[in-house]
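Here the protein sequences line up with chains V and Z, keeping their order. Residue 7 is where the first sequence starts when you use my numbering, and the numbers rise one by one after that. Residue 7 is where the second sequence starts when you use my numbering, and the numbers rise one by one after that. First the structure, in the form of structure tokens, and then the observations on it.
There are 2 protein chains.
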Amino acid sequence: VSPRQPHARDLLIGVDRSESGSVSRQLEEQLRQAIRSGALPAGSSLPSTRVLAEDIGVSRGVVTRAYTQLAFEGYLLLRKGAIPTVRTSSQLDRKREAKPKNGDAASRIRYDLRAHLPEVASFPRKAWLRSVRDSLARARHTDLSYGDAAGLWELRVEVANYLVRARGVSAEPEQVVITGGSTHSLALIGRVLARRGKTQMAFENPSHYILHGVAESAGQEIVSSPVDDEGIRTDLIGEAQSVVVSPAHQFPSGVALSPIRRELLLTWARDTGGLIIEDDYDAEFRYDRAPIGALQGLDPEHVVYIGSTGKTLVPALRLGWAVLPESVIEDFTLELFSTMLHVSGMDQLAFADFLRRGEFDRHLRQMRAIYRDRRDLLVTELANLLPGLRISGIAAGLHVVLEMPSCEIAESVCTRARSRGVAVETISQHTLPKYNGRAGIILGYGSLSMPALQSAIEEFARTVADVMQEATEDPAAVAGVP
Amino acid sequence: VSPRQPHARDLLIGVDRSESGSVSRQLEEQLRQAIRSGALPAGSSLPSTRVLAEDIGVSRGVVTRAYTQLAFEGYLLLRKGAIPTVRTSSQLDRKREAKPKNGDAASRIRYDLRAHLPEVASFPRKAWLRSVRDSLARARHTDLSYGDAAGLWELRVEVANYLVRARGVSAEPEQVVITGGSTHSLALIGRVLARRGKTQMAFENPSHYILHGVAESAGQEIVSSPVDDEGIRTDLIGEAQSVVVSPAHQFPSGVALSPIRRELLLTWARDTGGLIIEDDYDAEFRYDRAPIGALQGLDPEHVVYIGSTGKTLVPALRLGWAVLPESVIEDFTLELFSTMLHVSGMDQLAFADFLRRGEFDRHLRQMRAIYRDRRDLLVTELANLLPGLRISGIAAGLHVVLEMPSCEIAESVCTRARSRGVAVETISQHTLPKYNGRAGIILGYGSLSMPALQSAIEEFARTVADVMQEATEDPAAVAGVP
Chain V
7 VSPRQPHARD LLIGVDRSES GSVSRQLEEQ LRQAIRSGAL PAGSSLPSTR
57 VLAEDIGVSR GVVTRAYTQL AFEGYLLLRK GAIPTVRTSS QLDRKREAKP
107 KNGDAASRIR YDLRAHLPEV ASFPRKAWLR SVRDSLARAR HTDLSYGDAA
157 GLWELRVEVA NYLVRARGVS AEPEQVVITG GSTHSLALIG RVLARRGKTQ
207 MAFENPSHYI LHGVAESAGQ EIVSSPVDDE GIRTDLIGEA QSVVVSPAHQ
257 FPSGVALSPI RRELLLTWAR DTGGLIIEDD YDAEFRYDRA PIGALQGLDP
307 EHVVYIGSTG KTLVPALRLG WAVLPESVIE DFTLELFSTM LHVSGMDQLA
357 FADFLRRGEF DRHLRQMRAI YRDRRDLLVT ELANLLPGLR ISGIAAGLHV
407 VLEMPSCEIA ESVCTRARSR GVAVETISQH TLPKYNGRAG IILGYGSLSM
457 PALQSAIEEF ARTVADVMQE ATEDPAAVAG VP
Chain Z
7 VSPRQPHARD LLIGVDRSES GSVSRQLEEQ LRQAIRSGAL PAGSSLPSTR
57 VLAEDIGVSR GVVTRAYTQL AFEGYLLLRK GAIPTVRTSS QLDRKREAKP
107 KNGDAASRIR YDLRAHLPEV ASFPRKAWLR SVRDSLARAR HTDLSYGDAA
157 GLWELRVEVA NYLVRARGVS AEPEQVVITG GSTHSLALIG RVLARRGKTQ
207 MAFENPSHYI LHGVAESAGQ EIVSSPVDDE GIRTDLIGEA QSVVVSPAHQ
257 FPSGVALSPI RRELLLTWAR DTGGLIIEDD YDAEFRYDRA PIGALQGLDP
307 EHVVYIGSTG KTLVPALRLG WAVLPESVIE DFTLELFSTM LHVSGMDQLA
357 FADFLRRGEF DRHLRQMRAI YRDRRDLLVT ELANLLPGLR ISGIAAGLHV
407 VLEMPSCEIA ESVCTRARSR GVAVETISQH TLPKYNGRAG IILGYGSLSM
457 PALQSAIEEF ARTVADVMQE ATEDPAAVAG VP
């Protein structure tokens, strides 16, 4: 044996026959770990297959299999007659410990009251895993290949079933297309309409700013239509050929579209041939009554219904759906196909199973109780601590609006709260030009546990009181409050 | 008890206490199944909670829990004092049995020799499931929330590690962005360049037609640059500001970019400030030697490297990556963020674990052996059965090219083969204007087992022989051969 050639004991390698998994795999994993951790640096020698096999009492073939796998992975250099050496630099793996650059900024938020965050701690990991396991076991080989651009058929059926019974949507599975979420659905509709020369898309003012960017990026020009206490002003949609609305729970104002406006909106669509895009982002969460059925159910030929699992199940699952009128289905699917941005087949298989078992409904039901308690706490505490300010928005969804005397004060509160570790958003962040509605702060209660929410509210209320006090003492300084 | 109220035995409902899962869940599942199957049609009555609880010997609370869940799901109508009734129509669920419309057309293909299809039967479901299970168990709550648009940090580290050791790519995790696949990566780069006013993108002629559509859809104009036996003609890229190439194994011609051309291409990029987009779609599969390292490794500042798991693992996993030069990273990530088209967090977590365990490498190694055998069979049999025709392309990837005397004959063979249940593609389907290279048929051997491949080759060879015979007898009729 050459003096340069180490032995198993030098490498702290051994095998345990009582463990599950083959001896060859154990060896391979130990060596890979040693190389990745830097214990075996690049250029270092390994025992020959013969020596290592003798050292740990296994057949030479066992060592050869492990070495070959590691050579194939690029960790080892094997040449006939030469001693095996480590090829990669151990530095590579140290990066795993590194944190992304923005980690620091995010960690300065102590309480996150931004409106888009649902509770992720309650994601039913066990039930989800069961759906992954069972759906994967049942999947046909073709389910794992390039699928239909419109989505897995079984999932389209389950989503149609769910939307019909839970949301009053009128949906045949053929009309349901699986997408990467609501913004993806909106981008696709925007592109379909733009190709038809219909490039004016009306939005509620205010409405989520992310949607405005997505629509513009899809070739649409934004038309602004104000929201009042009954929802969107249907008489002010103007020349737009489409309009994006959130009838069940307008974001961010929190109002529901009144029955009269629902009718007026449908009349607008029928009279002008316009398309209504119904963003049903959190309608499952209604606390004072049963959720209002989707607008789409009243006139499926004039409404595109879009929804997703982002707020209702978990954001990490990038999965949503669009229910389309006959006139749009083909172009929409073609757009999906030509961009090749399909949704994970694994997730589609699992979610179809998850829906079929009633797990989605069960989760929604549990979350509804949790969110209702949080909303009650928030509303009660704000009324106690800030009795002079009005809370608006129906008892639904994941946020309320605390009205403010002016946009300047709202912005000041937002900035000051952030500096104290409380992240909130303002209505102003979501307005389009010519906004003349109420000023307010959006408070999301989705992601904080009851004790954390209690502390967050107290910290936030102190901030509001401080800013309002300063504004009273020196109105001119408010805009500049840090 | 009212005569209208049925009993448990009428509904064939019972509970088994030896089974796992709560009694309430069993009851719920049996009732849901009965409603969905139509056994309990809409409008039919159920026993009251008291009656059913007595019938099956459980507490009333157990029945109430099951009923409430089903009411929440929209299956049951519960009103105080009234008998519970079934609400939904059973018709809904029958659709699950229905097949999508194009099912018939697809089933007429007996042998699928199209080039983009990898083997899905060998997808390691067990190892994948282990990665899903373990990564989900380990995941932090924040991993399940809205993540970094650029992808899960742990996965970016693992992908960087993999590409460095297996493909000779120069990659820090900060440069790696996770996308929905190669076409998604290309769409994003196309949009970034278009926003900078760089709207001329050169493509190899021939190259995959899907990529052309994606680039155009991203605002790029296609410039065609011919391919010869050494790969792309770098002197004919013209005024384009970017060029898409597949240096390791050009699609569809099957040639590798020669060392001289590699150097010339990099010189073009340095001289003009142009961007090379390296599509490394199947480079891991090389059968005659170790895979050639990526072009990107030679000049990371001028090359965007894109890859995916579509050919190498399984198409259903819509997951890929781009390794970006410093000059592109920010805009690319911004484009991803503004379209909100992120990749499934579930898949990212699982794939990071899968890579870390060496399962991806193990799978590639197994597939390499399988594909090598299939390629050998295809090449040997074609040489036997069609001795007059040349097979071109290096020993790599998932396809070979069978050269044809003319594009017309190639098209006729393709059409005729399809009518006999054998799906193949032609080079012509992937050409850009002004193509003057070889005519040929692309034969993909990725998805067929050895016996199926043997039969497919025989059927295909007979078709070629028939068409060539007819062409000799009546050259004018070839274009019209059905």
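The beta carbon of each residue, even a glycine, is placed where N, CA and C say it ideally should be. Since the model is a prediction, treat every value here as computed from it, not as a measurement.
Item	Value
V:T478 classed as buried or exposed, judged by whether at least 16 other C-beta atoms fall within 10 angstroms	exposed
Residue from V:V250, V:I447, V:D379, V:V329 with nearest C-alpha to V:I184	V:V329
Reference V:S188, options V:R202, V:L150, V:S314, closest by Cα	V:S314
Buried versus exposed, by CB contacts within 10 Å (16 or more), V:H147	exposed
Listed by chain order, chain Z residues near V:S223 by CB distance under 8 Å	S344, T345
Nearest-angstrom Cβ-Cβ length linking V:D480 and V:S137, presumed shorter than 8 Å	That pair is no contact at about 58 Å.
Cβ of Z:Y215 within 8 Å of any chain V Cβ	no
For V:D234, the residue or residues it bridges with in DSSP	V:G237
Residues that Z:Y152 contacts on chain V, provided the C-beta gap is smaller than 9 Å	H122, L123, G316, P321, A322
For Z:V69 and Z:T55, the rounded distance between their alpha carbons	6 Å
With 16 other Cβ atoms within 10 Å as the buried cut-off, status of Z:L150	buried
Helix, strand or coil at Z:Q442 [DSSP, three-state]	Before going further, note that residue 442 of chain Z is Asn rather than Gln in the sequence given. Coil at Z:N442, not helix or strand.
Range of the contiguous alpha helix (DSSP H) that encloses Z:H190	188-201
Local conformation of Z:S461 per DSSP, three classes	helix
Buried/exposed call for V:T437, threshold 16 Cβ in 10 Å	buried
Cross-chain neighbours of V:E79 in chain Z, by beta carbon under 8 Å	R171, A172, G364, D367
At least 3 beta-carbon pairs within less than 8 Å: the stretch 287-300 of chain V vs the stretch 401-411 of chain V	yes
Beta-carbon gap between Z:V249 and Z:S231 smaller than 8 Å	yes
Chain-ordered chain Z contacts of V:H190 [CB-CB under 9 Å]	T345, M346, L347
Per-residue DSSP class, three states only, for Z:R295	coil
CB contact below 8 Å: V:S350 versus chain Z	yes
From V:Y287, V:A48, V:I195, residue whose alpha carbon lies closest to that of V:V310	V:I195
Touch test, the stretch 120-131 of chain Z against the stretch 199-211 of chain V, Cβ-Cβ under 8 Å, three pairs minimum	no
Beta-carbon proximity of V:L355 to V:S141, cut-off 8 Å	yes
Short Cβ contact (8 Å threshold) for V:V320 with V:V165	no
Test: V:D285 CB closer than 8 Å to a CB of chain Z	no
Any C-beta of chain Z under 8 Å from that of V:D353	yes
Short Cβ contact (8 Å threshold) for Z:E414 with Z:I463	no
Range of the contiguous beta strand (DSSP E) that encloses Z:G219	That residue, Z:G219, is in no beta strand (DSSP E); its alpha helix (DSSP H) goes 215-223.
Within-8 Å CB hit, Z:H147 to chain V	yes
Beta carbon proximity, Z:L270 to chain V, threshold 8 Å	no
Three-state secondary structure assigned by DSSP to Z:A208	strand
Coarse secondary structure for Z:I400, derived from DSSP in three states	coil
DSSP bridge partner residues for Z:Y117 (one or two, in chain order)	Z:V428
Straight-line Cα distance separating Z:A389 from Z:E476	21 Å
Residue span of the beta strand (DSSP E) that contains V:Y311, given as start and end	309-314
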